[in-house]
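Below is one structure, written out as structure tokens; comments come after it.
There are 2 protein chains.
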Amino acid sequence: MADTRGAISSEPTLEEQIAAYQREFQDLDPQVEKIVSALSRLNRRMNVAYGRQTAALGISNAEWEVLKALVLSGAPYRMGPSDLAKRLGLTPAAMTHRIDRMVAEGLVTRERDESNRVRVIVELTPEGREKWLEAMRLATVFEEDLLQDLSPEERTVLGEALTRLLRRVEHAQPDAGGRLTDLD
Amino acid sequence: MADTRGAISSEPTLEEQIAAYQREFQDLDPQVEKIVSALSRLNRRMNVAYGRQTAALGISNAEWEVLKALVLSGAPYRMGPSDLAKRLGLTPAAMTHRIDRMVAEGLVTRERDESNRVRVIVELTPEGREKWLEAMRLATVFEEDLLQDLSPEERTVLGEALTRLLRRVEHAQPDAGGRLTDLD
DNA sequence: TGTGTACTCTTTAGCATTGAAATTTATCTT
DNA sequence: AAGATAAATTTCAATGCTAAAGAGTACACA
Numbered sequence: 156m157a158d159t160r161g162a163i164s165s166e167p168t169l170e171e172q173i174a175a176y177q178r179e180f181q182d183l184d185p186q187v188e189k190i191v192s193a194l195s196r197l198n199r200r201m202n203v204a205y206g207r208q209t210a211a212l213g214i215s216n217a218e219w220e221v222l223k224a225l226v227l228s229g230a231p232y233r234m235g236p237s238d239l240a241k242r243l244g245l246t247p248a249a250m251t252h253r254i255d256r257m258v259a260e261g262l263v264t265r266e267r268d269e270s271n272r273v274r275v276i277v278e279l280t281p282e283g284r285e286k287w288l289e290a291m292r293l294a295t296v297f298e299e300d301l302l303q304d305l306s307p308e309e310r311t312v313l314g315e316a317l318t319r320l321l322r323r324v325e326h327a328q329p330d331a332g333g334r335l336t337d338l339d
Numbered sequence: 156m157a158d159t160r161g162a163i164s165s166e167p168t169l170e171e172q173i174a175a176y177q178r179e180f181q182d183l184d185p186q187v188e189k190i191v192s193a194l195s196r197l198n199r200r201m202n203v204a205y206g207r208q209t210a211a212l213g214i215s216n217a218e219w220e221v222l223k224a225l226v227l228s229g230a231p232y233r234m235g236p237s238d239l240a241k242r243l244g245l246t247p248a249a250m251t252h253r254i255d256r257m258v259a260e261g262l263v264t265r266e267r268d269e270s271n272r273v274r275v276i277v278e279l280t281p282e283g284r285e286k287w288l289e290a291m292r293l294a295t296v297f298e299e300d301l302l303q304d305l306s307p308e309e310r311t312v313l314g315e316a317l318t319r320l321l322r323r324v325e326h327a328q329p330d331a332g333g334r335l336t337d338l339d
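Those protein sequence lines, which keep their order, are chains A and B. With the first letter of the first sequence counted as 1, position 99 gets the number 254 in the working numbering; the numbers rise by one all the way through. With the first letter of the second sequence counted as 1, position 111 gets the number 266 in the working numbering; the numbers rise by one all the way through.
Printed below as a string of structure tokens:
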């Protein structure tokens, strides 16, 4: 899991960091750098916060990711290990071990698919679903607090802008030189 | 390092995901969820892109992080291992090993501080600085492409909004229940 | 029916990370 | 000056990840 550790301290402020970049690299567009750096820092801080919350519930951030994927798949909350692995960006091997741990903790069950015995079905237990719900409640409180300074209009604009950026990275692939070129 | 792996595939669209969340969790504010999910996805995609670029230069994303921290510290590009560790959010132990590798590759040097022999000084080599510069050039091209759909005004608004969110997480600490409360 | 091929999951070996203990050097107290 | 305490780094054992090899099952096609 990415950058979930706590205490990010003695870090320069965003402004100091951008000033330092400009000193060392003249071609830098400070506006672009501000967006990119803020994005990355924000994400790191948020992951730390989520990590603290899930830890308080006795699960790891990694386990929460699995619970989320299963719930999002909809009732009856079943997925195969390789689907889960693709969804979370893990190798199937890592998924095997992660599921091992979660079965031992009673968050999911693992059984063979009787109609195709190559396949394995991972299914959320009621306990797993309950954990997800508790984590979800904490997460929404945190997220609402995070955004409390933004008016509904500002939220709309922000969501719109981020979605546009996301579409750009998702529908484009960097070429050999790293340039983003449209696929459609 | 966080979520730097490639191929994030067979993922539901952002819209599908939010619809699924609303089905499973009625209290969800779709506007908030849109922002938070887009942020997290965007960051993941960007890390994948950066990873591809640094890999093309023969360094890992982890090594790039160290190079960035050293350059940002300004000439003469020296830092102690524990400062680097704090800056990158790693344990000192991990820093020791990472520096080992980078010394072996000639990106940095490690020597004892003669004025206080407990301390160690990690210093960027000219080769390390050159690698940073190459990575920086690729990164700025990617970042400019990423933001190409946003007008200068939109960029300003976006940067401003993200900075505001960042200030909120940085100056606030979640309490036992996970609420963000101001420190100032 | 039998064999080849493809697919899914697990096992194995290697690597980066963490947390805790150990090591080395500096500083404080008397 | 001696001994205790503190600080910075490294060493060590355990964890979770990746990549690649292995095992088991289903399906196609002769």
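Beta carbons: idealized from backbone N, C-alpha and C, even for Gly.
C-alpha gap between residue i and residue j, whole angstroms
i                 : j                 : result
Val275 of chain A : Ala224 of chain A : 16 Å
Trp219 of chain B : Ala204 of chain A : 25 Å
Ser306 of chain B : Leu262 of chain A : 47 Å
Arg242 of chain A : Glu166 of chain B : 6 Å
Arg160 of chain A : Ser270 of chain A : In this prediction, Arg160 of chain A has a pLDDT of 40, which is less than 50 and means its spatial position is unreliable; what the coordinates show is noted afterwards. Spanning the two alpha carbons is a distance of roughly 42 Å.
Arg200 of chain A : Glu325 of chain B : 8 Å
Glu170 of chain B : Pro231 of chain A : 21 Å
Leu293 of chain A : Val187 of chain B : 14 Å
Pro247 of chain A : Pro236 of chain A : 7 Å
Gly283 of chain A : Asp184 of chain A : 46 Å
Gly314 of chain A : Arg207 of chain B : 27 Å
Thr280 of chain A : Val312 of chain B : 44 Å
Ser228 of chain A : Glu179 of chain B : 10 Å
Arg256 of chain A : Thr251 of chain B : 30 Å
Glu289 of chain B : Gln177 of chain A : 16 Å
Leu97 of chain B  : Trp287 of chain A : A query on residue 97 of chain B cannot be resolved here, the shown segment of chain B reaching from 156 to 339 and no further.
Ala217 of chain B : Arg319 of chain A : 28 Å
Ala240 of chain A : Val273 of chain B : 45 Å
Ala193 of chain A : Glu266 of chain A : 44 Å
Ile254 of chain A : Leu212 of chain B : 36 Å
Asp238 of chain B : Ala175 of chain B : 43 Å
Arg196 of chain B : Leu321 of chain A : 7 Å
Gln172 of chain B : Ala210 of chain A : 24 Å
Ala259 of chain B : Leu317 of chain A : 40 Å
Leu245 of chain A : Met234 of chain A : 15 Å
Leu226 of chain A : Phe297 of chain A : The sequence given here has Val at residue 226 of chain A, not Leu. Near 20 Å, if we compare the C-alpha coordinates of Phe297 of chain A and Val226 of chain A.
Asp268 of chain A : Glu299 of chain A : 41 Å
Thr168 of chain A : Asn198 of chain A : 16 Å
Asp182 of chain A : Asp182 of chain B : 46 Å
Ile214 of chain A : Ala249 of chain A : 17 Å
Short CB-CB distance (under 8 Å) between residue i and chain A
i                 : result
Met291 of chain B : yes
Leu305 of chain B : yes
Ile254 of chain B : no
Glu309 of chain B : yes
Arg242 of chain B : yes
Gly314 of chain B : yes
Thr209 of chain B : no
Glu141 of chain B : The structure shown does not extend to residue 141 of chain B, since chain B is modelled only from 156 through 339, so no value can be given for it.
Glu298 of chain B : yes
Gly213 of chain B : no
Gly229 of chain B : yes
Ala217 of chain B : no
Val166 of chain B : The residue you asked about is not Val; residue 166 of chain B is Glu in the sequence shown. Judged by the 8 Å Cβ criterion, Glu166 of chain B is in contact with chain A.
Thr251 of chain B : no
Ala204 of chain B : yes
Gln172 of chain B : yes
Beta-bridge pairing of residue i - partner residues as DSSP gives them
i                 : result
Met234 of chain A : A:Val277
Val263 of chain A : A:Leu279
Cutoff 8 Å: residue i Cβ touching any chain B Cβ
i                 : result
Val324 of chain A : yes
Gly235 of chain A : no
Arg274 of chain A : no
Leu302 of chain A : yes
Leu321 of chain A : yes
Ala248 of chain A : no
Leu317 of chain A : yes
Leu169 of chain A : yes
Ala175 of chain A : yes
Integer-rounded CB distance, given that residue j should sit under 8 Å from residue i
i                 : j                 : result
Thr264 of chain A : Glu278 of chain A : 5 Å
Asp304 of chain A : Arg323 of chain B : 6 Å
request  = Note down, in chain order, all residues in the segment 177 to 201 of chain B with a beta-carbon under 8 Å from any beta-carbon belonging to chain A.
outcome  = The segment 177 to 201 of chain B vs chain A, Cβ under 8 Å: Arg178, Glu179, Phe180, Asp182, Leu183, Asp184, Gln186, Val187, Glu188, Lys189, Ile190, Val191, Ala193, Leu194, Ser195, Arg196, Leu197, Asn198, Arg199, Arg200 and Met201.
inquiry  = For the segment 257 to 282 of chain A, list every residue whose C-beta sits within 7 Å of some C-beta in chain B, in sequence order.
reply    = The segment 257 to 282 of chain A vs chain B, Cβ under 7 Å: nothing.
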